[in-house]
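Residue numbers (the working numbering): 2 to 233. Below: the structure, in structure tokens.
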């Protein structure tokens, strides 16, 4: 089954812990139009779809009532900022671990706000977060905001059997600096090692506390794309 651009997962479920996972969704054009639907049944699903992981959200039975942090991000071209080669983290709010950042990246900067909702810190609304971001980074592309799902008080940290989460989807982000690319690469490598062992004949892998034999198919969800491999 060839996988191309536009595969978007919308549902993920299984009948029981001993059954394979069923991944279903739509295939969209680059203009966002639905062209057809897909359904893939596999014993292992790899969630590498970021901080707002669909795989994580659809496979966890319990969720925290609200995120414990909000964040924003804005990319700016080099000609839109002063000193584009300078990276900084600004803890400008007294007695508050929240901070503003600006990282120098290829062609410009990545700037934003991390606002903590811990303990006695007053929560910040989305509108207020946008306003703070515009003060910190007055020019650039559209501001993106999100509640950091990987930094919640979710009581269930372990994924169900047959689900492998990597990177931000697996909470591999440093809560102090919001950095996670090195941990994402490392966790992806570990997931690859586990899958490689699972492809071996008569090999059993353990993604939670219940062993699951994986000698057939693997579906990997990465943003809007899915990839599938077959074993002999």
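Each residue gets a CB set at the ideal place from its N, CA and C atoms; glycine is no exception. Note that this is a predicted model, so its numbers are computed, not measured.
Handout entry: Delimiting residues of the alpha helix (DSSP H) encompassing residue 60
Key = Counting along the chain, the alpha helix (DSSP H) containing residue 60 begins and ends at 55-60.
Exercise for the section: For residue 21, count neighbouring C-beta atoms within 10 Å of its own C-beta (all shown protein chains included) and say buried if the count is 16 or more, exposed if not. Expected result: buried
Practice task
Please classify residue 134: is it buried, with 16 or more other beta-carbons within 10 angstroms of its beta-carbon, or exposed?
Solution key: buried
Handout entry: C-beta contact flag for residue 110 and residue 79 at 9 Å
Key = yes
Practice task
Please classify residue 89: is it buried, with 16 or more other beta-carbons within 10 angstroms of its beta-carbon, or exposed?
Solution key: Exposed, because fewer than 16 other Cβ atoms sit within 10 Å of the Cβ of residue 89.
Problem - Span separating the alpha-carbon of residue 37 from that of residue 27 - result: One C-alpha to the other measures close to 6 Å.
Practice task
Measure the C-alpha to C-alpha separation of residue 126 and residue 51 and round it to an integer number of angstroms.
Solution key: 23 Å
Problem - Buried versus exposed call for residue 56 [16 or more other C-beta atoms within 10 Å across all chains shown] - result: buried
Problem - Range covered by the alpha helix (DSSP H) that runs through residue 137 - result: It spans 127-137 - the alpha helix (DSSP H) in which residue 137 sits, taken as one unbroken run.
Problem - Three-state secondary structure assigned by DSSP to residue 121 - result: In the three-state DSSP reduction, residue 121 falls in the coil class, being neither helix nor strand.
Handout entry: Run of the beta strand (DSSP E) containing residue 25, from where it starts to where it stops
Key = 22-29
Handout entry: residue 43 burial status per 10 Å Cβ neighbour count (16 or more: buried)
Key = Answer is buried; the Cβ neighbour count reaches 16.
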